[in-house]
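The next block holds one structure in the form of structure tokens; read it before the comments.
Number of protein chains: 2
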Amino acid sequence: MQFTEEMFAKHMRPITGSAIRDIFKLLARPGMISFAGGNPSNTSLEPEVISRLAVEALDKYGTTLLQYGATEGFGPFRESVAEFLRGDGVNCDSTQILPVQGGSQAFDLLLKVLVDPGDVVLCESPTFLGAIQAMREYNATIVDMPTDDEGVIVEAAEALIKKHHPKLMYVIPTFQNPTGITLSLERRKALAALASKYGVVIAEDDPYRDLRYAGEALPPIQSFDAEGWVVYMSSFSKYISPGLRLGAAVVKNPLLLRKMVIGKQSVDVHSPLLNQAIVDAYLRQGLMPGHLERICREYRKQLNAMLAGFDHFPVGTRHTVPQGGLFVWAELPGEMSAVKVFDDAIGESVAFVPGIHFYADGGHENTLRLNFSMCDIPTIEEGMKWLGKVISEKG
Amino acid sequence: MQFTEEMFAKHMRPITGSAIRDIFKLLARPGMISFAGGNPSNTSLEPEVISRLAVEALDKYGTTLLQYGATEGFGPFRESVAEFLRGDGVNCDSTQILPVQGGSQAFDLLLKVLVDPGDVVLCESPTFLGAIQAMREYNATIVDMPTDDEGVIVEAAEALIKKHHPKLMYVIPTFQNPTGITLSLERRKALAALASKYGVVIAEDDPYRDLRYAGEALPPIQSFDAEGWVVYMSSFSKYISPGLRLGAAVVKNPLLLRKMVIGKQSVDVHSPLLNQAIVDAYLRQGLMPGHLERICREYRKQLNAMLAGFDHFPVGTRHTVPQGGLFVWAELPGEMSAVKVFDDAIGESVAFVPGIHFYADGGHENTLRLNFSMCDIPTIEEGMKWLGKVISEKG
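Going down the list, the protein sequences come from chains A and B. The opening position of the first sequence corresponds to residue 1 in this note's numbering, with each subsequent residue numbered one higher. The opening position of the second sequence corresponds to residue 1 in this note's numbering, with each subsequent residue numbered one higher.
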């Protein structure tokens, strides 16, 4: 017999994931200036440190790190992560920490344990494209919440909750991907109150929080939640290393934590112990504050170079001015199209992601996401100049 | 509002996963003799070797291992795994290798991309309890295939395929978990032919293959499949380390591989690169053959000690005589119950897993699974003596 597309589960058939992957393939071309990814800069990565910590961890824990471990996580890692997150204002203890394979897996597990096919999940519009793909794979009905310069518009969110009775809401409150926008303090409080009032689990995806270059840190939504409706999702991908694939979910509701543990158990049993021990040591040895200070100092300069580069863009272009994170979001004048100009930009060796990919229903062809962490300052300046030129001429 | 069980997705509500977890908690008691787990022996683990390989890998590849990588896997790992698996008779090249978080994730991805709620999945009866849990989480209808001393009975399997038109069949052909039984050569060929004739994907879960203590290795089912219907699932958990959480799926059908990659992408983006590089180095440095020889030598003795220990069991007890793997399966005389005797065995400090947990529909209370890899020979002898005594008296 012949294997055909019809053999796939219905929800998987339309998911091709190809557009973004095709973009990332282009990045391998020599001389390509990439504003497309979401990677930390190579200079922020510390192979010598990770190597030393791996040796120390295997020396200290021996075969324990190589045996099976508990799905709930490696004890020392849970403790040091709880302490680290408390420093960020997250209300938690170590028994509420679930190690995950990057923040994505925390959201995947929430979808798995909460969502029946067709159930509504609320998310920001635009939002992280990986989250859109995950919601599709669980056959969720994606409903967009309108946003403005302060993030999710709370009144609109409440109206959507009343209308759709969603079980789950996905929010990236700090330096959002793709827009770089930060949810205001009042709205953080208001979303926590909505979660509790209507019984909606909020997946608070907060992997960029400590990459702040200006302004004051805001408490997480989770800190305003007394009842355990908010699941806080952190990740060490942007702080230490994406290649280690390690994040942590904070789940205060024991019933929900238990079900997520069961969900994780049958996928991967547990997160790799060596990786948990390396990040544990990184935190315990106090390496994080100095490291964050160093990378924020560099990223701040890169962000500023990118913002200055908008001088080359057409009159009428609007863009966000993020206080941190990895992304700037731009809206070209309404009649222009970032999709149309994409091939020409690649021709000039500058890559970006058209904003259309961050909307579940597409559209918004005049928007684009630009990442500044992967390029040094001369490259950012050159890339913005060429991109501005191409958009002005062909957009 | 109050969070209640009714908020969970329907398929997750009945899954509590508690029975086995409760057993594993008991193992922490001092003096407990454990025949319950499926762990490799602690003496087989090599923290010094893994430590050295981690240093070498980070030295060689530097920041590459700490950045994001491709979901499809780390190039050198894909190459060395393809070569390793070809040595085991698997028909593959490196582009068909997908790194996964232990073999479990390969099956999870197959369920995710193939199974609509209610779809039938065929599996052996009894089978790996993690697979039962995974099938439930995807709301699959589990249909058992009858087995005998040579594994799945092919005629029965064909009748079930005709009746249920399943998309997926799950088989552990070598030293099966929980029975230790190996599927015969003729049946391997026959199952491959069924897959192709009826268009059924076979998930061939083969993590114990190289733990052979007697007899001749048989070619994998996959080697008889010319059309790409068989997905071969291997794992380094039993050979090198479960804590590293690394396995590999061989997916010859590019359409299916592509969809599995998409499914993995939104869960964990990719498997950790450091872990892939460590296993790659392990294989490239030629460490595997000598290591397997050493651990098989020990496991063979442990298996023999366990088999001898059945002398203490009641007359009428039947048990398998596996040629490899980690488990022996026992059937007590029909009127006896391994479930009933469990608490008394724990009282005598001997733990095992009642066979009931390996059947999707329960029953078979007179069966039990015994693992021999975690205990040294005097401990196995002592444990079997006590267990035989308890069963004889209370079973």
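Glycine included, each C-beta is placed from N, C-alpha and C at the ideal position.
Bridge partners of M233 of chain B according to DSSP: B:D205, B:A249. When the five nearest sequence neighbours on each side are left out, the beta carbons in the same chain lying within less than 7 Å of the beta carbon of V339 of chain A are those of P354, I356, E365, in order along the chain. Listed in chain order, the alpha helix (DSSP H) elements of length 4 or more contained wholly in the segment 116-183 of chain A are 129-137, 154-164. Rounded to whole angstroms, the Cβ separation of Q101 of chain B and D268 of chain A is 4 Å, and the two are in contact under 8 Å. Look at the beta carbons and you see the segment 308-322 of chain A touching the segment 380-389 of chain A: at least three pairs across the two are nearer than 8 Å. In the DSSP annotation of this structure, the continuous segment of the alpha helix (DSSP H) that includes V339 of chain A starts and ends at 338-347. Short of 6 Å from the beta carbon of P146 of chain A, and not among the five residues preceding or following it, lie these beta carbons of its own chain, in chain order: I153, A156. For V328 of chain B, no alpha helix (DSSP H) segment is defined; the enclosing uninterrupted segment is the beta strand (DSSP E) at 327-331.
With fewer than 16 neighbouring CB atoms inside 10 Å of its own CB, Q285 of chain A falls in the exposed class. The alpha-carbon separation between R245 of chain A and N139 of chain A amounts to approximately 25 Å. Under the DSSP assignment, R369 of chain B falls in the beta strand (DSSP E) whose first and last residues are 367-371. Burial of E204 of chain B is indicated by the presence of at least 16 other C-beta atoms within 10 angstroms of its C-beta. Secondary structure of P99 of chain B (DSSP, three-state): strand. Around the CB of D148 of chain A, fewer than 16 other CB atoms lie within 10 Å, so the residue is classed as exposed. The criterion of a C-beta distance shorter than 9 Å is not satisfied by L183 of chain B and E227 of chain B.
Collapsing the DSSP output to three states places H291 of chain B in a helix. Take G388 of chain B, set aside five residues on each side of it, and the residues of its chain with a beta-carbon closer than 6 Å to its own are H312, F313, in chain order. Using beta-carbon distances, F3 of chain A counts as an interface residue toward chain B, with a partner under 9 Å. DSSP places V390 of chain A in the uninterrupted alpha helix (DSSP H) bounded by 377-394.
Secondary-structure assignment with DSSP links P272 of chain A through no beta bridge to anything. Under the 9 Å criterion on CB atoms, Y61 of chain A is classed as interfacial with respect to chain B. Pairing A106 of chain A with V279 of chain A gives a Cβ-Cβ distance that is not under 9 Å. Close CB contacts of L283 of chain A within its chain, under the 8 Å cut and outside five residues either way in sequence, are with S80, V81, E83, F84 (chain order). In the DSSP annotation of this structure, the continuous segment of the alpha helix (DSSP H) that includes Y61 of chain A starts and ends at 47-61. Residues of the segment 232-265 of chain B with a Cβ closer than 9 Å to any Cβ of chain A, in chain order: S237, I240, S241, P242, G243, L244, R245, L246, N253, L255, L256, R258, K259, V261, I262, G263, Q265.
Under the criterion of beta carbons closer than 8 Å, A248 of chain A and F35 of chain A do not qualify as touching, at roughly 29 Å. Excluding sequence positions up to five before and after H164 of chain A, its CB lies within less than 7 Å of the CB of V120, V143, all in the same chain and listed in chain order. Within chain B, the C-beta atoms nearer than 9 Å to that of L58 of chain A come from P47, E48, I50, S51, A54, in chain order. DSSP places G87 of chain A in the uninterrupted alpha helix (DSSP H) bounded by 75-87. Counting C-beta pairs with one atom in each stretch, the segment 194-214 of chain A and the segment 169-185 of chain A have three or more that are closer than 8 Å, which means they touch. With a threshold of 9 Å between beta carbons, I295 of chain B makes no contact with chain A.
Around the C-beta of M288 of chain B, 16 or more other C-beta atoms lie within 10 Å, and the residue is accordingly described as buried. The beta-carbon separation of A330 of chain A and L370 of chain A, rounded to 6 Å, stays under the 8 Å limit for a contact. Contact between the segment 56-70 of chain B and the segment 23-42 of chain A is present: 3 or more CB-CB pairs across the two stretches fall below 8 Å.
Sequence-distant Cβ neighbours of P272 of chain A in its own chain, meaning closer than 7 Å and more than five residues away, do not exist here. In the structure shown, V267 of chain B falls within a helical segment according to DSSP collapsed to helix, strand and coil.
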